[in-house]
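Numbering (the working numbering), first residue to last: 41 to 207.
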């Protein structure tokens, strides 16, 4: 049986997103966002575990359906690991991004729009391709926030060094 690369990438990616808790400035809002992000990553790990188990059934549709029914009828698994929990990852990262709404409006709007698109594609459309594309846009928006921060620091250092040479 081949390796389930999609869910491995999802699992590793979610864990790597924990680093965003250390990148954004420290504030009360970002402290809340950090907690949401941590809970979201934990839930994503649970969701990936469920998906790995589903994938392990291979062509056994009856077993997969039985597990799906069990999950749907068990609120203590359904809500924290399938419905609410993974959404917290996107909510937490979006709240982090909102810190920059005044200075990096376009990147923040990209993050907000794509976070909503991820939820819409998962819960309403149930379309994996749209969800994947929404996730790519989401990560791009977060990347723009990080790139602009580093770029700004770099240009400030250049300006300071030019000023020192002129004096």
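Even glycine gets a Cβ: it sits at the ideal position worked out from N, Cα and C.
Helix, strand or coil at residue i according to DSSP, with G and I counted as helix
{"i": "residue 160", "result": "helix"}
{"i": "residue 59", "result": "helix"}
{"i": "residue 115", "result": "helix"}
{"i": "residue 91", "result": "helix"}
{"i": "residue 194", "result": "Confidence is the limiting factor: at residue 194 the pLDDT is only 47, short of 50, which leaves the residue's position unreliable and the question unanswerable from this model."}
{"i": "residue 98", "result": "coil"}
{"i": "residue 74", "result": "helix"}
{"i": "residue 127", "result": "helix"}
{"i": "residue 64", "result": "coil"}
{"i": "residue 43", "result": "coil"}
{"i": "residue 53", "result": "helix"}
{"i": "residue 203", "result": "At residue 203 the pLDDT is 49, less than 50, meaning the model places this residue with poor confidence and gives no usable figure here."}
Pair within 8 angstroms by beta-carbon distance, residue i and residue j
{"i": "residue 153", "j": "residue 185", "result": "no"}
{"i": "residue 170", "j": "residue 180", "result": "no"}
{"i": "residue 107", "j": "residue 81", "result": "no"}
{"i": "residue 175", "j": "residue 149", "result": "no"}
{"i": "residue 132", "j": "residue 73", "result": "yes"}
{"i": "residue 83", "j": "residue 115", "result": "no"}
{"i": "residue 151", "j": "residue 173", "result": "no"}
{"i": "residue 135", "j": "residue 76", "result": "yes"}
query = Do the stretch 117-127 and the stretch 78-96 touch if we need at least three Cβ pairs shorter than 8 angstroms?
reply = Touching, yes.
Three-pair Cβ contact test at 8 angstroms for the stretch 49-68 versus the stretch 98-116 = no
task = Any chance you could list the alpha helix (DSSP H) runs of at least 4 consecutive residues sitting entirely within the stretch 131-181, in chain order?
result = Runs found: 145-159.
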